[in-house]
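Numbering (this note's numbering), first residue to last: 282 to 430.
We put the CB at the ideal spot given by N, CA and C, even for glycine.
Quick caveat: nothing in here was measured; it's all calculated off a predicted structure.
To keep things clear, I will list the structure first and then write my remarks on it.
And the structure:
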């Protein structure tokens, strides 16, 4: 747990901000890795892609996907599903937190926080699942790094 980081963020990221957010996420991860050594659309996908890209320079880094349920991508667009499957195929471990979508997301978010000591987030608005997860992380005493700030 002391060497585990979770990611949470909004599903919608404006295309104009995507390069800057991606760069800040990468820089934040590199800083944390050098100082002291997870699968929906939007920020979760960006975080997984960044971790996979950094593995070539930091082989100790692991990508553990904590997914709400096996049919998470059932209603996604074909291109999103293709990238999701690519990320899953390169993950070091995949954990499913529920069998159905009814309670899956809440369980996933709590599992992420409960297994981590650091939460890197993309929190631009104080509502929805990301805000809830960040609040829960703070309540559990995790260090929270919001790359929006």
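- Under the 10 Å beta carbon count, residue 360 is surrounded by fewer than 16 other beta carbons and is classified as exposed.
- Exclusion of the five residues before and after residue 309 leaves 401, 426 and 428 as the residues of its chain whose Cβ lies within less than 7 Å of its Cβ.
- Across the set 339, 300 and 379, the C-alpha of 300 shows the shortest separation from the C-alpha of residue 327.
- Between the alpha carbons of residue 419 and residue 362 lies a gap of roughly 32 Å.
- Nearest Cα to residue 367 within the set 390, 333 and 297: 333.
- Around the CB of residue 290, 16 or more other CB atoms lie within 10 Å, so the residue is classed as buried.
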